[in-house]
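Some notes on the structure that comes next.
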Amino acid sequence: MADTITQTRADLVATLEALEKRLLWLSAWTIHNANHLRPKRDGLKVGGHQASCASMTAIMPALYFHALRPQDKVAVKPHAGPVLHAIHYLLGEQTREKLERFRGLGGVQSYPSRTKDTIPVDFSTGSVGLGVAVTAFSSLVQDYLVAHGQVREEDAGRMIALMGDAELDEGNIYECLIEGYKHDLRNCWWVVDYNRQSLDSTTADRMFRRFDDIFETCGWRVVTLKYGKLQGEAFAKPGGKAIEEWIDQCPNADFAVLTYQGGAAWRARLMADIGGKAQVRKLLDSYDDDALAALMTNLGGHCIESLIDAFDACDDDRPTLFIAYTVKGHGLPLAGHKDNHSGMMNPPQMEQFRTLMGVPEGQEWEPWGGLGDNAAAALDAFVKASPIARKPAEPLAPTVAVPVLPAPEGAEQSTQAAFGRILLDIAKSGEELADRIVTTAPDVTQTTNLGGFVNQRGLFRRQELADVFQKAKIPSAQKWSAHGAGQHIELGIAENNFFIMLASLGLAGPHFGTRLLPVGTVYDPFISRGLDALNYGCYQDSRFLLVGTPSGLTLAAEGGAHQSINTPLIGMGQPGLTAFDPAFADELALIMGWSFEHMQREDGGSVYLRLSTRAIPQVEREGDDWQADALKGGYWLKKPGPDAQAAIAFSGVVAPEALAAWEELAEDLPGIGLLNVTSPDLLHRGWSARRAARWNGQKQAPSHAETLLGTLAPGAGLVTVLDGSPGALSWLGGVKGMRVSPLGTDRFGQTGDLYDLYRTYRLDVDAIIDAAAELVLDDD
Ligand SMILES: Cc1ncc(C[n+]2csc(CCOP(=O)(O)OP(=O)(O)O)c2C)c(N)n1
Ligand SMILES: [Mg+2]
């Protein structure tokens, strides 16, 4: 460890304290530069969080330059991003130019980003709470890989979250705690920057000690770092006990106010409250005002010695919560002020702060500005010899071959059942692909047809768990024994956990150098429950296959609470996710094969399939020429005749209605086309990308949507139809300037049988025919 360079513990503490000062300075200066020095053009606030950084500038060097090992991974509290960049600046892995462009185009991102920042960022953060939970799920992924022989036990790292105390208000933290307990979570540290301030206010005193209870109940060790060493020494002196008791009783808000006011205010208040107690006055008098302020704010989270002692003491794999008491804005004139979250030092304050930090004018960006040559060289050597300086670059995981996936047989099939059969066939295939797929679902494994795969491949559990029902010879279709080689991770019903688990699994390649191909199923409407977590996974370029099923009004009797309406728009709107709404089993097999490849391509991404339980007649194919177009977003199921005046464009499960309407209309509208839009998302992206390319002066081939619709007569009419928001397809009219009659639904569904619902919501054959007639007859 770093101790080889620094001989004694006292030296180590002094070195880390010097680094603490550098990080405090550089993070504040980076934010100051972006807000006060860099020219501004738009009149908008740039922002940054000097106070949120300052409360972590002891925690972070204690972790990064002492406790952290190369195999450990960290999610950094979003608002402490500048401290992380300062650490990598000292390591020589961040440039001054990028720091100068903090929050500017191509500069350091506001919040640590895996994909956009150029320093190593293990987990993106920004949406509070998610960056915390992701560490627990990544630890479970690591356990999965250890059990599958893909990561050696001795290489297992700790997954660490540096978090704000207000993050403890996010419900997803507790959902994660419960899931973690069920899965025997280990190798996970959460370090709370317990500054007792959120964005708006000071946090509730009533929560004091409640967090300990909650975490301990879930199997965590809780280490509280309340007092720094200075305080510990003072408490041991005559009169010290009274001060300790006073701190323990002090409400969070009062503590913050006094911190902001400084030494004289501390003295006045302490004298008023406990000045009469034995020896207290004498003890207080032994400190001048500055020393008293330093003593009162010498909380555990600002005490390097306490921090490294605490980290060193936890050398096992128990999940551990460190509650590190801190002061928001510690060491800055903003300390403790209730409005300090977005508060910033003004230029005169910054000037004073520079002097206080011993940074000479003009050397603000120098990593070791203001230090003597020897001191600078010693710090530089220490930093460069620290274990994280040896952290290897993220590995490039080898690609897993994807064989052609045959379509399941059957004249009538639902896409959901076909999905289950395709996965089952893969499971039985003995291909490498089968070994790399890992499935997961939030308590909907059976009802989303994952059961077959699980029967074949087993549930994953670190500890073997027998299927008690099977042992008792009770007949069941689900034979779910749980063991280390299992490939299905069963989750409780919380969809947030499900999406964060997918995000973690989909990062196995860059995190652990071994690729997993995660497949997660969820009832389509409940995608909304985990939307932020889904977005979070996509934002950090995690790769997974999400299957939303069943979907739409087609779910019929289940009623309006379970019928998804707007998910096609979610699929279109979510960056990093390509959405498909397949109709037939052979389309689905083709798309799944494409998906497993897309999930592995450098410029690829995640995929979302919206499926259904409605069995529909499959179409007879004459050859394979539909396939290439299906993978581009759509193909003509019935090619339009020359100069056709109309076409029906449909997506997914309403194929039978679209086909039947097409047959009837073909008599009156000869040459009418029938377009099967397998992916409104791909068609729209391709179309808008082509327009954007034109503006950039680049010539590009016509988009697929333009090619498809270009075969119709100019001014032809389009009936669009899908079981979901009509807007997912109605835009097709804009491609060639066609009139559109959009069918779909933008109202909540209700119970009913399929035919009643399709009639009521205008998705049936008659509705399609009426819509076409209206287009042809009516010109307005
Ligand atoms: C999901 C989400 N909601 C709201 C915000 C806006 N926000 C940013 S920081 C913050 C409070 C931060 O308080 P804390 O976690 O205690 O951090 P610190 O005090 O260290 O700044 C809020 C509400 C956000 N980033 N993410
Ligand atoms: Mg806070």
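My numbering numbers the first residue of the sequence shown as 5 and each following residue consecutively.
All C-beta atoms in this analysis are idealised placements derived from N, C-alpha and C, irrespective of residue type, glycine included.
Distance between residue j and residue i (C-alpha atoms, nearest Å)
i: Lys475; j: Ala486; result: 13 Å
i: Tyr68; j: Gly175; result: 28 Å
i: Ser734; j: Asn37; result: 47 Å
i: Leu758; j: Thr617; result: 12 Å
i: Asp774; j: Gly721; result: 13 Å
i: Val17; j: Trp193; result: 22 Å
i: Met64; j: Gly577; result: 37 Å
i: Gln420; j: Lys642; result: 25 Å
i: Trp484; j: Val150; result: 21 Å
i: Ala561; j: Val125; result: 47 Å
i: Gln113; j: His345; result: 18 Å
i: Lys25; j: Val195; result: 20 Å
i: Phe215; j: Gly434; result: 47 Å
i: Val658; j: Ile772; result: 11 Å
i: Pro730; j: Pro586; result: 16 Å
i: Arg466; j: Glu668; result: 59 Å
i: Asp7; j: Arg394; result: Confidence at Asp7 is low in this model, with a pLDDT of 45, below 50, so its placement is unreliable and no value can be given for it.
i: Pro579; j: Gly728; result: 20 Å
i: Met60; j: Asp169; result: 12 Å
Closer than 9 Å to chain B by CB, residue i
i: Met348; result: In the structure shown, chain B cannot be found, because there is only a single protein chain.
Close beta carbons around residue i, own chain, < 8 Å, minus the five adjacent residues each side
i: Gly510; result: Leu520, Pro522, Gly541, Ser546, Arg547, Phe548, Met603 and Ser610
i: Leu594; result: Leu409, Ala411, Gln631, Ala634 and Leu635
i: Gly690; result: Lys636, Gly637, Ser707, His708 and Ala709
i: Gly741; result: Pro718 and Gly719
i: Leu495; result: Glu183, Thr444, Ala445, Pro446, Asp447, Asn501, Phe502 and Met505
i: Pro364; result: Gly373 and Gly374
i: Tyr178; result: Ile218
i: Arg763; result: Asp770 and Ala771
i: Thr10; result: Low confidence applies to Thr10: its pLDDT is 48, below 50, so where it sits in the model is not reliable, and the reading given next is rough at best. Contacts found: Leu16, Thr19 and Phe386.
i: Ala415; result: Pro621 and Gln622
Nearest residue (CA-CA) to residue i, options the options
i: Phe1; options: Gly333, Leu338, Leu311 and Gly455; result: Here the chain covers residues 5 to 784 and nothing more, so residue 1 does not appear.
i: Leu726; options: Arg695, Ala717, Arg100 and Pro684; result: Pro684
i: Arg271; options: Val458, Met167, Gly236 and Leu288; result: Leu288
i: Ala339; options: Gly645, Gln201 and Ala295; result: Gln201
i: Ala22; options: Ala665, Thr715, Phe516 and Asp384; result: Asp384
i: Asp147; options: Gly563, Val744 and Gln491; result: Gln491
i: Glu626; options: Leu615, Trp640 and Arg614; result: Trp640
i: Ile123; options: Ala665, Pro86, Ala659 and Arg766; result: Pro86
i: Thr221; options: Thr206, Gly236, Asp188 and Glu249; result: Asp188
i: Ala140; options: Lys120, Arg162, Val155 and Gln154; result: Arg162
i: Leu134; options: Met167, Asp159 and Gly111; result: Met167
Residue i: first and last residue of the uninterrupted beta strand (DSSP E) it sits in
i: Gly85; result: Taken as a continuous stretch (DSSP letters only), Gly85 belongs to no beta strand (DSSP E), being part of the alpha helix (DSSP H) at Gly85 to Leu94.
i: Met163; result: Met163 to Gly168
i: Glu494; result: His492 to Leu495
i: Tyr329; result: Thr324 to Tyr329
i: Pro572; result: Segment Thr571 to Gly577 is the alpha helix (DSSP H) holding Pro572; no beta strand (DSSP E) there.
i: Val551; result: Leu549 to Gly552
i: Thr582; result: Leu581 to Phe584
Bridge partner(s) assigned by DSSP for residue i
i: Lys642; result: Leu678
i: Val1; result: Examination of residue 1 is not possible in this model, given that the chain is present from 5 through 784 alone.
i: Val723; result: Ile652 and Ser745
i: Phe212; result: For Phe212, which the question treats as bridged, DSSP gives no partner whatsoever.
i: Pro402; result: Answer by DSSP bridge pairing: none, since Pro402 is not bridged.
i: Gly524; result: Thr444 and Leu550
i: Ala79; result: Ala165
Enclosing alpha helix (DSSP H) for residue i [first to last residue]
i: Ile247; result: Gly244 to Gln253
i: Glu499; result: Glu499 to Leu509
i: Val125; result: Premise fails: Val125 is in no alpha helix (DSSP H) and is neither H nor E.
i: Ile773; result: Val769 to Leu781
i: Pro514; result: Ala512 to Phe516
i: Ser31; result: Arg13 to His36
Same chain, Cβ closer than 7 Å to residue i, neighbours up to 5 away in sequence not counted
i: His688; result: Met576 and Trp735
i: Gln367; result: Gly373 and Gly374
i: Val406; result: Leu437, Gly597, Phe600 and Glu601
Same chain only: Cβ atoms within 6 Å of residue i, ignoring 5 sequence neighbours per side
i: Pro644; result: Ala651, Gly675, Gly677, Thr715 and Leu716
i: Ala32; result: Gln54
i: Thr228; result: Ile327
i: Arg694; result: Gln704 and Ser707
i: Asp770; result: none
Check: residue i C-beta below 8 Å from any heavy atom of ligand 4
i: Ser532; result: No copy of ligand 4 occurs in the structure displayed; its ligands are ligand 1 and ligand 2 alone.
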